[in-house]
Amino acid sequence: MKSPITIISNNAYKHQLDDFSYGLKQGIPIALGYVPVSFTFGVMAVSGGIPIWVAILISLTNLTSAGQFAGTNLIISGEPLFEIALTTFVINIRYLLMSFSLSQRIAPGTSLLKRCIMSFGVTDEVFTVASLEKQDISFAYMLGLVFCPYWGWALGTAMGAVICSVLPAGIQNSMGIALYAMFIALIVPSSKKSKATMIVALVAITISSLFTWAPYLKRISSGWSIVIATVAACFIGAVLFPREDL
Amino acid sequence: MQKTIVAVILMAAVTYIPRVLPMIIVKERSKSRLLRSFLYYVPYAALGAMTFPGILYSTGHMTSALIGMTVALILAFFEKGLLEVAVSAIVTVYLIQLFIN
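Each protein sequence line maps, in turn, to chains A and B.
Mapping of the first sequence onto my numbering: residues -16 to 229, in sequence order.
Mapping of the second sequence onto my numbering: residues 2 to 102, in sequence order.
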């Protein structure tokens, strides 16, 4: 006869496995969307003179789009280390907001080590998919969710780095839109369901457009512009449409 | 070469730090409705700000990017999957650029 303790731990184990495979499934479309983007990254890095293995190393250690594109560009153009680090950091400041937002949703009792491992996988898409999840975010779920995107990102980079020279420029250019198209696919269905969400997104778009085109404002880097637009739009959203259901 | 490796390590560090800091510092869930609502809206606002106007400069031709964006918006409106939307936008941009040249 099994003791009650074994039964509980067996259940906990099964529950973790369920969470993991559920996350794994949700990660597959993200991974497939990543391949063309990281492919482009591999092509760009190697055509700029970065060795193939370094391009793959960048994807394995950074796991981010805009930040590593910009950082690698600066490496290629021979900028000093401080500028490379600072530019990459500014582009990545948005992760502070995303991790802060996600920290409110992590299953209570998740250990510090687990939180540190989970946070490595916070990309724009992983964050969005995890945020839209109704339940608390468990360690097992997050591991599953990040698994395919992580290896898809590395695999795409490797393929792009190796195939680099044979690809016509026209195809390379067209793939630049892949990531943005994914963003649109993430945001439009939610905006259809909630007017508040749509207004928040439109406010953010308006502000980031101002920072791109308006005189004076356009001097601000795109990293800061995303952070300022996000903070302002979320503040307006929180004041005008506070959520009752949180 | 050595400088490149140092640069890669630095990039990895400045990418990880903003991801991990809030997770280490913020362990309690906030009870403030304003703050919780603010954080709830972060994904939508961040995605919006990142997508536009960045998407217009993503293909090297604003016309092809605009048409690609329109295709993505229409497919997303009918709730097609991430991959379908992404691949359709890529193919659209590619065809438009063939046509323009």
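No residue lacks a Cβ here, since even glycine has one placed at the ideal position from N, Cα and C.
Express the C-alpha separation of residue j and residue i in angstroms, rounding to a whole number.
i, j, result
"S89 of chain B", "S21 of chain A", "18 Å"
"Y124 of chain A", "L200 of chain A", "41 Å"
"T70 of chain A", "A53 of chain A", "8 Å"
"A46 of chain B", "K81 of chain B", "21 Å"
"T111 of chain A", "G16 of chain A", "14 Å"
"P91 of chain A", "Q(-1) of chain A", "15 Å"
"V27 of chain B", "L80 of chain A", "12 Å"
"L67 of chain B", "L57 of chain B", "6 Å"
"P54 of chain B", "Q3 of chain B", "36 Å"
"L126 of chain A", "I6 of chain B", "27 Å"
"I219 of chain A", "L76 of chain B", "29 Å"
"V18 of chain A", "I41 of chain A", "15 Å"
"S106 of chain B", "A50 of chain B", "Shown here, chain B extends from 2 to 102; a query on residue 106 of chain B therefore has no answer."
"V15 of chain B", "L22 of chain B", "11 Å"
"G139 of chain A", "Y17 of chain B", "21 Å"
"I209 of chain A", "Y78 of chain A", "11 Å"
"F224 of chain A", "G104 of chain A", "30 Å"
"I101 of chain B", "G61 of chain B", "12 Å"
"R34 of chain B", "L83 of chain B", "32 Å"
"P151 of chain A", "I97 of chain B", "15 Å"
"A(-5) of chain A", "L85 of chain A", "23 Å"
"F3 of chain A", "W36 of chain A", "30 Å"
"K117 of chain A", "G135 of chain A", "26 Å"
"A230 of chain A", "W196 of chain A", "Given a span of -16 to 229 for chain A in the structure shown, any question on residue 230 of chain A remains unanswerable."
Which same chain residues end up closer than 7 Å to residue i when comparing Cβ atoms and leaving out the 5 residues on each side of it in sequence?
i, result
"V109 of chain A", "I13, L128, V129 and P132"
"G32 of chain A", "I59"
"G206 of chain A", "V73, I74 and I76"
"L7 of chain A", "G127, F130 and C131"
"M63 of chain B", "L57"
Using only CA atoms, which one of the options lies nearest to residue i?
i, options, result
"S59 of chain B", "A:I100, A:G16, A:F194 and A:A164", "A:A164"
"S173 of chain A", "B:F79, B:I101, B:I91 and B:V72", "B:F79"
"P34 of chain A", "A:L46, A:T55 and A:S48", "A:T55"
"P44 of chain B", "A:S102, A:F83 and A:D228", "A:F83"
"A216 of chain A", "A:T93, A:V186 and A:A168", "A:V186"
"Q51 of chain A", "B:M12, B:T5, B:T93 and B:K4", "B:M12"
"N156 of chain A", "B:A87, B:N102, B:V94 and B:V15", "B:V94"
"R38 of chain B", "A:A(-5), A:F65 and A:Q87", "For the record, residue 38 of chain B in the displayed sequence is Ser; it is not Arg. Considering only alpha carbons, the answer is A:Q87."
"I188 of chain A", "B:L48, B:A77, B:T71 and B:N102", "B:L48"
"A221 of chain A", "B:S65, B:V9, B:L40 and B:E29", "B:L40"
"A137 of chain A", "A:I167, A:Y5, A:K(-3) and A:S48", "A:S48"
"L99 of chain B", "A:G153, A:S4, A:G135 and A:F3", "A:G153"
"V214 of chain A", "A:D228, A:A184 and A:S114", "A:A184"
"L145 of chain A", "A:S4, A:I39, A:Y5 and A:D2", "Here the sequence assigns Val to residue 145 of chain A, which means Leu is not the residue at that position. Selected option, being the one with the closest Cα: A:I39."
Which residues in the same chain as residue i place their Cβ atom closer than 8 Å to its Cβ, once the five residues preceding and following it in sequence are excluded?
i, result
"S147 of chain A", "A small fix is needed here, since residue 147 of chain A is Cys in this sequence, not Ser. For C147 of chain A, where only same-chain residues beyond five positions count, the Cβ hits under 8 Å are G25, V26, V29 and S30."
"G159 of chain A", "T23"
"S211 of chain A", "Residue identity differs from the one stated: residue 211 of chain A is Ile in this sequence, not Ser. These residues qualify, in order along the chain: I190, F194 and I203."
"T93 of chain A", "M101, S121 and F122"
"K175 of chain A", "M181"
"D119 of chain A", "R88, I89, A90 and P91"
"Y233 of chain A", "Here chain A comprises residues numbered -16 to 229, so residue 233 of chain A is not present and cannot be evaluated."
What does residue i reach in chain B if we use C-beta pairs closer than 8 Å?
i, result
"G16 of chain A", "L83, L84 and A87"
"C99 of chain A", "V21, M24 and I25"
What in chain B is Cβ-close to residue i, meaning under 7 Å?
i, result
"F166 of chain A", "L48, M51 and T52"
"S102 of chain A", "R20, V21 and M24"
"V37 of chain A", "T5 and V9"
"A221 of chain A", "L35, S38, F39 and Y42"
"P12 of chain A", "G82, L83 and L84"
"S114 of chain A", "P44"
Along chain A, in chain order, which residues have C-beta atoms closer than 7 Å to that of residue i?
i, result
"Q98 of chain B", "G153, N156 and S157"
"L40 of chain B", "F83, S84 and Q87"
"I56 of chain B", "I160 and Y163"
"T16 of chain B", "N45, T47, G50, T71 and N75"
Could you list which residues in chain A have their beta carbon closer than 8 Å to that of residue i, in chain order?
i, result
"I91 of chain B", "P19, S157, M158, I160, A161 and A164"
"T60 of chain B", "N156, S157, G159 and I160"
Report the neighbours of residue i on chain B: residues whose CB is nearer than 9 Å to its CB, in chain order.
i, result
"R202 of chain A", "Under the 9 Å cutoff, chain B gives no residues; its nearest Cβ is about 16 Å from R202 of chain A."
"L138 of chain A", "Within 9 Å Cβ-Cβ: nothing; L138 of chain A doesn't reach chain B, min ~15 Å."
"F110 of chain A", "V43, P44 and A47"
"S42 of chain A", "Simply none; closest approach about 10 Å."
If you drop the 5 nearest sequence neighbours on each side, which residues of the same chain put their C-beta closer than 6 Å to that of residue i?
i, result
"N75 of chain A", "G50"
"G69 of chain B", "A90, T93 and V94"
"S65 of chain B", "V94, I97 and Q98"
Confirm the yes/no value for this check: CB of residue i, any heavy atom of the ligand NAD, distance under 7 Å.
i, result
"F218 of chain A", "The ligand NAD is absent from the structure shown, which contains no ligand whatsoever."
Just checking: is the beta-carbon of residue i within a distance shorter than 8 Å of some beta-carbon in chain D?
i, result
"I146 of chain A", "The structure shown contains no chain D; the protein chains it does contain are A and B."
Which residues of chain A have a Cβ atom closer than 9 Å to the Cβ of residue i, listed in chain order?
i, result
"L67 of chain B", "Going along chain A, no residue has its Cβ under 9 Å from L67 of chain B, so there is no contact; the nearest lies around 10 Å."
Can you check the stretch 190 to 228 of chain A for any alpha helix (DSSP H) of at least 4 residues that lies completely inside it and give the ranges in chain order?
The qualifying runs are 205 to 223.
Let me know the alpha helix (DSSP H) ranges lying completely inside the stretch 17 to 64 of chain A, each 4 residues or longer, listed in chain order.
List check, alpha helix (DSSP H) in window: 35 to 45 and 49 to 59.
Every unbroken beta strand (DSSP E) inside the stretch 100 to 142 of chain A [3 residues or more]
Within the stretch 100 to 142 of chain A, no complete beta strand (DSSP E) run reaches 3 residues.
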